[in-house]
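S.K.: What follows is a structure written as structure tokens; I'll ask about it next.
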Amino acid sequence: MKQRKFKKEVIDTFRLLAGKTFTIGQALDVYMSTPSKIHSESKSARQFVHRNILRFMSTGDIVQVKADGRAYKYTNTEQFSARIAESSNPDVLTNNGKQNPHDALGKNLTERLHQQKLMLLTAMGEAEEYDAIYKELPEIGAQIQELYNESRDRCSKLLGKVKAIENLIALSSN
């Protein structure tokens, strides 16, 4: 069977149908109720759902079970359950489906770096604001000084964390 990648909104829709038999109409209703849908018109959404059911059938993730009149019924296979587990795993995967720890580490470090930089910018903004308020209202300087010092300390610690993560990223890319 072919190994294909599916969009998040497709996986979200069919994840909700796991373990049930369903028609295209029922899958369409579930798709239209998901917040990650990309089609809002009924016709284009129905075509999108139908195309993806056919794609899942070509990979063996969905099988056609029976027909009630004109409406075919479908169900998810065990392979689909494995695909859902794989898609909810945040680790980076290589083409053959095995985890690549080097890529996962890089992604994790990059996410951490962005988070630490955001915290650093917040702390720097806080320190700058305390400084600006002190210049406008020097009479409350004693009250502001302690808050300003704590904010500057946080900036120093966060800057150290950012530098450490950047060094690890550079080291892991070698």
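Read in order, the letters of the sequence shown are residues 3 to 176 in the numbering used here.
Glycine included, every Cβ here is placed at the ideal spot set by N, Cα and C.
(1) Would you kindly check if the distance between the Cβ of Thr-77 and the Cβ of Thr-124 is under 8 Å?
(2) Buried or exposed, going by whether 16 or more other CB atoms sit within 10 Å of the CB of Gln-49?
(3) Tell me the DSSP secondary structure of Lys-100 in three-state form.
(4) Quick one: is Gln-66 buried, meaning 16 or more other Cβ sit within 10 Å of its Cβ, or exposed?
(5) Look at the alpha carbon of Arg-53 and the alpha carbon of Ala-87, and state the distance between them as a whole number of angstroms.
(6) If you follow the beta strand (DSSP E) that Ile-64 is in, where does it begin and where does it stop?
(7) Thinking C-alpha only, which one of Lys-159, Leu-107, Leu-149 is nearest Leu-122?
(8) Would you call Leu-30 buried or exposed, if buried means 16 or more other Cβ atoms sit within 10 Å of its Cβ?
(9) Quick one: grab the DSSP three-state call for Ala-144.
(10) Where do the ends of the beta strand (DSSP E) carrying Lys-75 lie?
M.R.: According to the structure data:
(1) No; because the gap between Cβ atoms is not below 8 Å, this pair is not in contact.
(2) Here Gln-49 is exposed. Its C-beta has fewer than 16 other C-beta atoms within 10 Å.
(3) With a pLDDT of 47 at Lys-100, under the threshold of 50, the modelled position of that residue is not reliable, and no figure is offered here.
(4) Result: exposed.
(5) Those two C-alpha atoms are separated by around 22 Å.
(6) Its beta strand (DSSP E) spans residues 64-70.
(7) If we check each option's Cα against that of Leu-122, Lys-159 comes out closest.
(8) With 16 or more other Cβ atoms within 10 Å, it is buried.
(9) Helix.
(10) That run of the beta strand (DSSP E) goes 73-78.
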